[in-house]
Amino acid sequence: MQNTIERYRIDAKQGYTDRIDEELYKEQLRYESENMARKIEIIKMSQRKLLGKDLDPCSSEELQEISRQLEISLNNIRARKDWLFKEQIEQLQAKERLLLEENARLRKQCDAQPWLQISTQPNQAVAYLSSCSKSSDVETELFIGVPQMRCL
Numbered sequence: 001m002q003n004t005i006e007r008y009r010i011d012a013k014q015g016y017t018d019r020i021d022e023e024l025y026k027e028q029l030r031y032e033s034e035n036m037a038r039k040i041e042i043i044k045m046s047q048r049k050l051l052g053k054d055l056d057p058c059s060s061e062e063l064q065e066i067s068r069q070l071e072i073s074l075n076n077i078r079a080r081k082d083w084l085f086k087e088q089i090e091q092l093q094a095k096e097r098l099l100l101e102e103n104a105r106l107r108k109q110c111d112a113q114p115w116l117q118i119s120t121q122p123n124q125a126v127a128y129l130s131s132c133s134k135s136s137d138v139e140t141e142l143f144i145g146v147p148q149m150r151c152l
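Just so you know, we're using UniProt numbering here: the sequence shown kicks off at 1 and counts up by one.
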């Protein structure tokens, strides 16, 4: 019986301390939430100032500090942008190398045929030149319309 009473006292005492701990915990959370609300408001004010809003109450020193912060931010943005462009250039150069290698491989597959062929039908060009060479005059008139082979 004495053990039961002792356990009851311990449990009752434990329940009391649990309630005190719970109240302390709630108070701590309330304090932290108030702190967070203040910090959020300060950050919002700072953001408005950085966006150029609500600058009327600012002193000259505050405006210079805002200007300095903006310059630092701008430099950080430019550095990041430069780094991204360099990365993109490196990727494009790697892609170019791969395409050149593939191009060389395909060129070898096609028995190294030249890229530009001057004329696929050389006889036609010679026939045209010989038929036009009968006339020694040069045609200098301007014709509007579909181009045609004209020999006088």
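Here a beta-carbon is modelled for each residue, glycine too, at the ideal position from N, C-alpha and C.
Worksheet item: Do L50 and L70 have their C-beta atoms closer together than 8 Å?
Response: Start at 1 with the first residue of the sequence shown, and residue 50 comes out as number 50. Start at 1 with the first residue of the sequence shown, and residue 70 comes out as number 70. In contact: L50 and L70 (Cβ atoms closer than 8 Å).
Fill in: Straight-line Cα distance separating C110 from P122
On the sequence shown, position 122 is the one that residue 122 refers to. On the sequence shown, position 110 is the one that residue 110 refers to. Model confidence at P122 stands at a pLDDT of 49, short of 50, so the residue's coordinates are unreliable; what they give is reported in the following sentence. The alpha-carbon atoms of P122 and C110 are separated by roughly 22 Å.
Item to complete: Taking only the alpha-carbon atoms, compute the straight-line gap between Y8 and N35 and give it to the nearest angstrom.
Response: If you number the sequence shown from 1, residue 8 lands on position 8. If you number the sequence shown from 1, residue 35 lands on position 35. If I take the Cα positions, the gap works out to 40 Å.
Worksheet item: Does DSSP classify M36 as helix, strand or coil?
Response: The residue given as residue 36 occupies position 36 in the sequence shown. Note: M36 maps to helix in three-state DSSP.
Worksheet entry | Residue range of the unbroken alpha helix (DSSP H) whose run includes E102 | Sequence index remark: in the sequence shown, residue 102 carries index 102 (1-based). Residues 60 to 109.
Worksheet entry | Straight-line Cα distance separating L29 from I10 | Here residue 10 refers to the residue found at position 10 when the sequence shown is read from its first residue. Here residue 29 refers to the residue found at position 29 when the sequence shown is read from its first residue. Their backbone Cα atoms lie some 28 Å apart in a straight line.
Worksheet item: Looking at the structure shown, is E27 part of a helix, part of a strand, or coil, going by DSSP?
Response: In the sequence shown, counting from the first residue as 1, residue 27 sits at position 27. In the structure shown, E27 falls within a helical segment according to DSSP collapsed to helix, strand and coil.
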